[in-house]
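J.: As they're listed, the protein sequences go chains A and B. Residue numbering for the first sequence follows our numbering, starting at 71 and increasing by one per position. Residue numbering for the second sequence follows our numbering, starting at 71 and increasing by one per position. For each residue, glycine too, the CB sits at the ideal point set by N, CA and C. These figures come from a predicted structure and were not determined experimentally.
2 protein chains.
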Amino acid sequence: MSLHDEIVQIGTDSLAASRELNLLTASKKNSILMAMADELDSSKPKIIEANKKDIEEAHNAGLSDAMIDRLTLNDVRIDGIIKGLREIADLKDPIGERISRWIRPNGLEIAKIRVPIGVIGIIYESRPNVTADTASLCIKTGNAIILRGGKEAINSNKAIAIALIKGGESKGLPKNAIQLIQTTDREAVRELVQLEGIVDLVIPRGGETLIRAVTELARVPVIKHYKGICHTYVDESADLEMALRIAINAKCQRPGVCNSMETILVHEKIAEEFLPRMAEAMSERNVELRGDEATRKILEDINEATEEDWHEEYLDLILAVRIVASTKEAVEHINKYGSGHSDAIIAENETAQKTFTQEVDSASLYINASTRFTDGGEFGMGAEIGVSTDKLHARGPMGLEELTSYKYIVVGQGQIRE
Amino acid sequence: MSLHDEIVQIGTDSLAASRELNLLTASKKNSILMAMADELDSSKPKIIEANKKDIEEAHNAGLSDAMIDRLTLNDVRIDGIIKGLREIADLKDPIGERISRWIRPNGLEIAKIRVPIGVIGIIYESRPNVTADTASLCIKTGNAIILRGGKEAINSNKAIAIALIKGGESKGLPKNAIQLIQTTDREAVRELVQLEGIVDLVIPRGGETLIRAVTELARVPVIKHYKGICHTYVDESADLEMALRIAINAKCQRPGVCNSMETILVHEKIAEEFLPRMAEAMSERNVELRGDEATRKILEDINEATEEDWHEEYLDLILAVRIVASTKEAVEHINKYGSGHSDAIIAENETAQKTFTQEVDSASLYINASTRFTDGGEFGMGAEIGVSTDKLHARGPMGLEELTSYKYIVVGQGQIRE
Numbered sequence: 071m072s073l074h075d076e077i078v079q080i081g082t083d084s085l086a087a088s089r090e091l092n093l094l095t096a097s098k099k100n101s102i103l104m105a106m107a108d109e110l111d112s113s114k115p116k117i118i119e120a121n122k123k124d125i126e127e128a129h130n131a132g133l134s135d136a137m138i139d140r141l142t143l144n145d146v147r148i149d150g151i152i153k154g155l156r157e158i159a160d161l162k163d164p165i166g167e168r169i170s171r172w173i174r175p176n177g178l179e180i181a182k183i184r185v186p187i188g189v190i191g192i193i194y195e196s197r198p199n200v201t202a203d204t205a206s207l208c209i210k211t212g213n214a215i216i217l218r219g220g221k222e223a224i225n226s227n228k229a230i231a232i233a234l235i236k237g238g239e240s241k242g243l244p245k246n247a248i249q250l251i252q253t254t255d256r257e258a259v260r261e262l263v264q265l266e267g268i269v270d271l272v273i274p275r276g277g278e279t280l281i282r283a284v285t286e287l288a289r290v291p292v293i294k295h296y297k298g299i300c301h302t303y304v305d306e307s308a309d310l311e312m313a314l315r316i317a318i319n320a321k322c323q324r325p326g327v328c329n330s331m332e333t334i335l336v337h338e339k340i341a342e343e344f345l346p347r348m349a350e351a352m353s354e355r356n357v358e359l360r361g362d363e364a365t366r367k368i369l370e371d372i373n374e375a376t377e378e379d380w381h382e383e384y385l386d387l388i389l390a391v392r393i394v395a396s397t398k399e400a401v402e403h404i405n406k407y408g409s410g411h412s413d414a415i416i417a418e419n420e421t422a423q424k425t426f427t428q429e430v431d432s433a434s435l436y437i438n439a440s441t442r443f444t445d446g447g448e449f450g451m452g453a454e455i456g457v458s459t460d461k462l463h464a465r466g467p468m469g470l471e472e473l474t475s476y477k478y479i480v481v482g483q484g485q486i487r488e
Numbered sequence: 071m072s073l074h075d076e077i078v079q080i081g082t083d084s085l086a087a088s089r090e091l092n093l094l095t096a097s098k099k100n101s102i103l104m105a106m107a108d109e110l111d112s113s114k115p116k117i118i119e120a121n122k123k124d125i126e127e128a129h130n131a132g133l134s135d136a137m138i139d140r141l142t143l144n145d146v147r148i149d150g151i152i153k154g155l156r157e158i159a160d161l162k163d164p165i166g167e168r169i170s171r172w173i174r175p176n177g178l179e180i181a182k183i184r185v186p187i188g189v190i191g192i193i194y195e196s197r198p199n200v201t202a203d204t205a206s207l208c209i210k211t212g213n214a215i216i217l218r219g220g221k222e223a224i225n226s227n228k229a230i231a232i233a234l235i236k237g238g239e240s241k242g243l244p245k246n247a248i249q250l251i252q253t254t255d256r257e258a259v260r261e262l263v264q265l266e267g268i269v270d271l272v273i274p275r276g277g278e279t280l281i282r283a284v285t286e287l288a289r290v291p292v293i294k295h296y297k298g299i300c301h302t303y304v305d306e307s308a309d310l311e312m313a314l315r316i317a318i319n320a321k322c323q324r325p326g327v328c329n330s331m332e333t334i335l336v337h338e339k340i341a342e343e344f345l346p347r348m349a350e351a352m353s354e355r356n357v358e359l360r361g362d363e364a365t366r367k368i369l370e371d372i373n374e375a376t377e378e379d380w381h382e383e384y385l386d387l388i389l390a391v392r393i394v395a396s397t398k399e400a401v402e403h404i405n406k407y408g409s410g411h412s413d414a415i416i417a418e419n420e421t422a423q424k425t426f427t428q429e430v431d432s433a434s435l436y437i438n439a440s441t442r443f444t445d446g447g448e449f450g451m452g453a454e455i456g457v458s459t460d461k462l463h464a465r466g467p468m469g470l471e472e473l474t475s476y477k478y479i480v481v482g483q484g485q486i487r488e
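1. What distance in whole Å lies between the Cβ atoms of V481 (chain B) and G179 (chain B), which are believed to be in contact at a cut-off of 8 Å?
2. Quick check: what's the CA-CA separation for H337 (chain B) versus G150 (chain B)?
3. Hey, does N246 (chain B) have any beta-carbon neighbour from chain A nearer than 8 Å?
4. Based on DSSP bridge pairs, tell me the residues matched to R218 (chain A).
5. Which class does V336 (chain B) belong to by DSSP, given the choice of helix, strand or coil?
6. Given that a residue counts as buried once 16 or more other Cβ atoms are within 10 Å of its Cβ, and exposed if not, what is T201 (chain A)?
7. Less than 8 Å between CB atoms is the rule here; does I334 (chain B) satisfy it with respect to chain A?
8. Thinking D203 (chain A) and G154 (chain A) are a contact (beta carbons under 8 Å), I'd like their distance in whole angstroms, please.
9. Can you list, in chain order, the residues of its chain whose CB lies under 8 Å from that of I117 (chain A), leaving out five sequence neighbours each side?
10. Helix, strand or coil for H295 (chain B) per DSSP?
11. Are at least three pairs of beta-carbons, each pair with one atom in the stretch 340-354 of chain A and one in the stretch 295-310 of chain A, less than 8 Å apart?
12. Taking the alpha-carbon of D75 (chain B) as reference, which of B:A375, B:E257, B:I437 has the nearest alpha-carbon?
13. Does R168 (chain A) come out as helix, strand or coil in the three-state DSSP assignment?
14. Tell me the residue span of the beta strand (DSSP E) that contains I118 (chain A).
15. Which residues share a DSSP beta bridge with C208 (chain B)?
16. Taking Cβ-Cβ distances below 8 Å as the criterion, which residues of the stretch 88-99 of chain B are in contact with chain A?
17. Any chance the CB of V304 (chain A) is under 7 Å from a heavy atom of the ligand NAP?
18. Count the other CB atoms within 10 Å of the CB of W172 (chain A); is the residue buried (16 or more) or exposed (fewer)?
19. Could you tell me which of B:D108, B:N329, B:K461, B:K477 sits nearest to I268 (chain A), measuring between CA atoms?
20. Is the CB of D270 (chain B) under 8 Å away from at least one CB in chain A?
21. At a Cβ threshold of 8 Å, is S170 (chain B) touching chain A?
22. Please confirm whether Y407 (chain B) has its beta-carbon closer than 8 Å to some beta-carbon of chain A.
23. Can you check which of these residues, B:G326, B:L369, B:E418, is closest to R140 (chain B) by C-alpha distance?
24. With 8 Å as the threshold, decide whether the Cβ of E418 (chain A) is near any Cβ in chain B.
25. Please list the partners that S353 (chain B) has in chain A, where partner means a Cβ-to-Cβ separation under 8 Å.
26. On the criterion of 16 or more Cβ atoms from any shown chain inside 10 Å, does M352 (chain B) qualify as buried, or is it exposed?
27. Is the number of C-beta pairs between the stretch 321-335 of chain A and the stretch 371-390 of chain A that are closer than 8 Å three or more?
28. Chain A beta carbons: is any one of them nearer than 8 Å to that of K477 (chain B)?
29. Applying the criterion that 16 or more other CB atoms from any shown protein chain within 10 Å of the CB defines a buried residue, is V146 (chain B) buried or exposed?
30. Rounded to the nearest angstrom, what separates P198 (chain B) and M71 (chain B) at their Cα positions?
31. Could you please give me the residues that DSSP links to M331 (chain A) through a beta bridge?
32. Are the C-beta atoms of L462 (chain B) and some chain A residue less than 8 Å apart?
33. By how many angstroms is the C-alpha of L217 (chain B) removed from the C-alpha of R184 (chain A)?
34. I think F426 (chain A) touches T397 (chain A), with their Cβ atoms under 8 Å apart; what is that distance to the nearest whole Å?
35. Are the Cβ atoms of V475 (chain A) and M468 (chain A) separated by less than 8 Å?
36. Hey, out of A:G446, A:K99, A:L435, whose CA is closest to V401 (chain A)'s CA?
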């Protein structure tokens with residue numbers, strides 16, 4: 071079978087499975103999820119063995135320690151995956167919810183009902199936990215899932231998928247509801263993202279290069295986020311103690327993630343008071359500061375921030391610093407250089423707060439809180455399939471609801487259009 | 071300036087305009103819309119003159135009468151456009167609506183607020199009314215619009231756009247909020263739909279060829295509907311009088327539109343009673359029937375329906391007829407051959423109704439009513455920018471709400487993530 075035919079077959083099988091998934095009750099889906107978790111538990115030795123093979127090959131291929139760490143599974147990490155699955159089973163099922171209902175003057179009753187999207191493709195890199203996390207979110211919401219993981223994790227992903235399918239099918243998971251693309255041929259991605267009329271949505275998860283490649287090839291809808299260039303703006307009306315605490319949290323608590331701060335904007339009126347205190351606190355935490363000209367008049371020994379720095383997602387202990395003359399100037403900077411992910415204002419002044427939240431064009435805007443809260447769990451969604459910096463369908467943290475579509479059911483008594 | 075640079079400039083200007091549009095109040099936007107309507111009214115002679123030029127060129131180019139009819143503007147048609155604009159001004163503004171709000175255990179208050187999408191590109195064919203209809207819907211929802219109309223209507227579109235902009239700007243419409251791409255170079259479409267980070271959404275409106283071409287080229291999100299292959303299923307429990315009335319309406323009231331019926335599925339138990347009556351009524355209305363083998367045993371003198379017929383959007387007085395043994399078989403036929411647009415069941419039996427509406431994977435499902443009601447106006451949305459057969463972001467008739475996105479505004483008191 072050609073690669074094209076193979077991927078079309080996977081897609082067609084997935085579509086058939088999605089029709090069956092659509093008919094499962096919430097309790098049925100939950101018992102499937104619990105059985106998937108149980109089977110992962112009893113398959114731990116096999117999964118760890120498969121993972122060792124991947125790690126060995128990664129060492130041979132000379133992958134970085136950071137990549138090997140992302141790839142590595144152990145008892146604790148698998149327990150975390152299992153816990154996640156059981157938590158998803160406990161969440162409320164959004165499918166079947168009546169979103170709204172109204173009656174037209176001609177008597178037609180229109181109801182908008184939440185339904186599964188259908189067939190979802192997930193394209194991801196080295197973290198094998200994504201296999202289980204995304205599969206469980208899709209099954210919970212009645213979607214069939216086609217997984218395409220990274221080549222470097224293929225053995226781990228296969229072992230996890232086998233366990234999920236075995237466990238799930240023991241409780242009635244439809245055949246082909248979860249499929250993992252077995253070939254590591256890169257062309258498979260192209261075939262998958264062009265399956266119009268079969269695949270309803272593709273979610274790429276990983277680095278910017280992967281996401282750009284998927285977007286470029288895709289003919290089916292894609293939801294993504296390229297990067298998180300998050301800002302904190304410290305207004306002249308800010309509580310500076312609070313600003314300091316939030317800045318440290320946003321930069322240092324976990325610098326390698328998308329909702330950490332990359333640039334801080336400081337109002338000129340409080341810069342002389344705030345910047346030296348911030349510089350001291352950041353220096354204690356080994357953060358390198360890079361400042362614009364005005365900042366470097368106050369913090370004389372820091373490096374220069376160039377145009378490139380404003381565009382940069384450091385994902386590291388580096389922070390760009392800029393002094394602005396007004397909230398408007400902060401807004402303009404963020405709208406020009408930001409990634410539409412998460413941005414915060416620290417201010418007591420309500421006009422400044424309002425200008426900032428209305429005019430900054432980002433998914434999540436914070437008043438007096440850390441950008442680190444942009445996360446499905448922290449938002450109370452219970453689970454997260456990703457964070458979207460797109461504006462269509464889903465924006466910001468994506469939980470279960472964002473994995474659904476809707477249909478209209480119109481009940482009449484013989485109405486015809488005049 | 072190269073074509074690429076030209077389109078990038080249009081996009082960048084549009085993005086800047088969208089920031090200003092985002093700040094306009096509902097009443098401001100409404101006074102802009104009213105001024106646009108007024109200016110259209112006083113520009114009627116100019117618009118009709120420009121339209122005459124397009125029609126003349128269309129005749130020279132040998133375009134069909136149907137195409138020339140779609141292209142033609144006259145006093146009555148322009149009055150219809152003006153009326154539409156004023157009606158849109160009267161609708162409730164969805165922007166700023168608080169969709170939901172909740173408080174987290176740590177005290178963070180999260181609000182989900184409806185906002186404009188940003189920059190919307192509309193790519194369309196010969197109907198010049200689309201210029202005004204889509205521009206007014208976008209301005210109402212605070213979106214900047216880039217219009218790319220068909221070459222054959224370029225003079226009409228220019229005249230309409232000039233009037234809209236002149237009228238709007240007299241009441242504070244931001245510069246470049248409405249832009250019409252002036253070149254008729256086809257490459258402009260490619261450039262437009264690849265403006266990632268600038269154009270947030272593209273809506274192609276027109277024939278399937280146009281829509282496929284746009285989808286293939288696009289790197290920005292696209293919402294579309296390819297075609298409307300709508301079905302009516304007459305169950306064994308149907309009120310046959312009602313079924314007949316609805317079938318006639320769905321097929322004949324306006325056969326050339328996407329929500330008209332193309333195929334009727336009839337339960338075998340009532341086929342002998344229903345089909346001859348239907349055939350008589352359809353024959354009186356000059357509808358050609360094409361049937362499967364079982365149908366042709368009852369209606370001996372009709373043509374055969376081939377596999378191609380089930381896939382066909384006739385948009386004409388032709389109806390494919392098939393006998394099925396069950397609701398399940400009707401569902402399977404529709405999911406296989408339908409376009410996910412609108413499908414109806416005529417049945418008194420509630421189990422059949424439920425199976426049908428749950429299992430048919432279409433945007434709008436009707437129980438005992440005509441598929442012709444799939445329309446923003448008929449649904450009570452007040453206006454319609456199109457009908458989506460996609461499942462992401464918007465499905466079914468798209469009104470004002472479907473032209474919006476949302477953002478999260480999170481209010482804290484200094485919260486940091488532990």
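T.: The answer reads as follows:
1. Here residue 179 (chain B) refers to the residue found at position 109 when the second sequence is read from its first residue. Here residue 481 (chain B) refers to the residue found at position 411 when the second sequence is read from its first residue. For the record, residue 179 (chain B) in the displayed sequence is Glu; it is not Gly. With 8 Å as the limit, E179 (chain B) and V481 (chain B) qualify as a contact, their Cβ atoms being about 4 Å apart.
2. Looking up residue 337 (chain B) in the second sequence gives position 267. Looking up residue 150 (chain B) in the second sequence gives position 80. When only Cα atoms are considered, H337 (chain B) and G150 (chain B) end up about 43 Å apart.
3. Walking along the second sequence from the start, residue 246 (chain B) turns up at place 176. Answer no: the Cβ-Cβ gap between N246 (chain B) and chain A never drops below 8 Å.
4. Taking the first sequence and counting its residues from 1, the one referred to as residue 218 (chain A) is at position 148. Residue pairing by DSSP places R218 (chain A) opposite A:I193 in a beta bridge.
5. Your numbering for residue 336 (chain B) matches position 266 in the second sequence. Here V336 (chain B) sits in strand by DSSP.
6. One-based indexing of the first sequence puts residue 201 (chain A) at position 131. Burial call: buried.
7. To locate residue 334 (chain B), count along the second sequence from 1; it is residue 264. With 8 Å as the cut-off, I334 (chain B) does not count as an interface residue toward chain A.
8. In the first sequence, residue 203 (chain A) corresponds to position 133, counting from 1. In the first sequence, residue 154 (chain A) corresponds to position 84, counting from 1. Under the criterion of beta carbons closer than 8 Å, D203 (chain A) and G154 (chain A) qualify as touching, at roughly 6 Å.
9. For this step, residue 117 (chain A) is matched to residue 47 along the first sequence. Within the same chain, I117 (chain A) has close Cβ partners L110, L143, I148, S226, A229, I230, A233.
10. Position 225 of the second sequence, counting from 1, holds the residue named residue 295 (chain B). Note: H295 (chain B) maps to coil in three-state DSSP.
11. Flag = yes, the stretch 340-354 of chain A and the stretch 295-310 of chain A touch.
12. Stepping through the second sequence from its first residue, residue 75 (chain B) is reached at position 5. If we check each option's Cα against that of D75 (chain B), B:E257 comes out closest.
13. Residue 168 (chain A) sits at position 98 when you count from the first residue of the first sequence. The answer is strand: DSSP assigns R168 (chain A) an E or B state.
14. Your numbering for residue 118 (chain A) matches position 48 in the first sequence. It is not in any beta strand (DSSP E) - I118 (chain A) instead sits in the alpha helix (DSSP H) that spans 114-130.
15. Counting from 1 along the second sequence, the entry for residue 208 (chain B) is found at position 138. Among the bridge pairs identified by DSSP, C208 (chain B) is matched with none.
16. Cβ contacts with chain A: R89, N92, L93.
17. Among the ligands in the structure shown, none appear at all, so the ligand NAP cannot be discussed.
18. Here the question's residue 172 (chain A) lines up with position 102 in the first sequence. It is exposed - the Cβ of W172 (chain A) has fewer than 16 other Cβ atoms within 10 Å.
19. Within the first sequence, residue 268 (chain A) is the residue found at index 198, counting from 1. Ranking B:D108, B:N329, B:K461, B:K477 by CA distance to the CA of I268 (chain A) puts B:K461 first.
20. Taking the first residue of the second sequence as 1, we reach residue 270 (chain B) at position 200. Among the residues facing chain A, D270 (chain B) is included, as its CB has a counterpart in that chain under 8 Å away.
21. Numbered from 1 along the second sequence, position 100 holds the residue referred to as residue 170 (chain B). At a cut-off of 8 Å between C-beta atoms, S170 (chain B) does not count as an interface residue with respect to chain A.
22. The sequence position of residue 407 (chain B) within the second sequence is 337, counting from 1. Not an interface residue.
23. Translated into the one-based positions of the second sequence, residue 140 (chain B) becomes position 70. Closest option to R140 (chain B), Cα to Cα, is B:G326.
24. By 1-based counting over the first sequence, the position of residue 418 (chain A) is 348. For E418 (chain A), no Cβ of chain B is located within less than 8 Å of the residue's own Cβ.
25. Position 283 of the second sequence holds residue 353 (chain B). Chain A residues near S353 (chain B): none, gap ~19 Å exceeds 8 Å.
26. As a position in the second sequence, residue 352 (chain B) is number 282, starting the count at 1. Of the residues assessed, M352 (chain B) falls on the buried side of the cut-off, its CB having 16 or more other CB atoms within 10 angstroms.
27. A contact between stretches requires three or more CB pairs, one per stretch, nearer than 8 Å, and the stretch 321-335 of chain A meets this requirement with the stretch 371-390 of chain A.
28. If you number the second sequence from 1, residue 477 (chain B) lands on position 407. It does; some Cβ of chain A falls within 8 Å.
29. The residue given as residue 146 (chain B) occupies position 76 in the second sequence. Exposed is the call here.
30. Indexing the second sequence from 1 puts residue 198 (chain B) at position 128. Indexing the second sequence from 1 puts residue 71 (chain B) at position 1. Cα to Cα, P198 (chain B) sits roughly 28 Å from M71 (chain B).
31. Locating residue 331 (chain A) in the first sequence gives position 261, where the first residue counts as 1. Residue pairing by DSSP puts M331 (chain A) in a beta bridge opposite A:C300.
32. Within the second sequence, numbered from 1, the residue matching residue 462 (chain B) stands at position 392. Yes - at least one Cβ of chain A is within 8 Å of the one on L462 (chain B).
33. Start at 1 with the first residue of the first sequence, and residue 184 (chain A) comes out as number 114. Start at 1 with the first residue of the second sequence, and residue 217 (chain B) comes out as number 147. Between R184 (chain A) and L217 (chain B), the C-alpha separation is close to 33 Å.
34. Locating residue 426 (chain A) in the first sequence gives position 356, where the first residue counts as 1. Locating residue 397 (chain A) in the first sequence gives position 327, where the first residue counts as 1. Sure, about 6 Å apart at Cβ, within 8 Å.
35. Taking the first sequence and counting its residues from 1, one reaches residue 475 (chain A) at position 405. Taking the first sequence and counting its residues from 1, one reaches residue 468 (chain A) at position 398. According to the sequence provided, residue 475 (chain A) is Ser. The question's Val does not apply to it. Not closer than 8 Å, so no.
36. For this step, residue 401 (chain A) is matched to residue 331 along the first sequence. Nearest option by C-alpha distance: A:L435.
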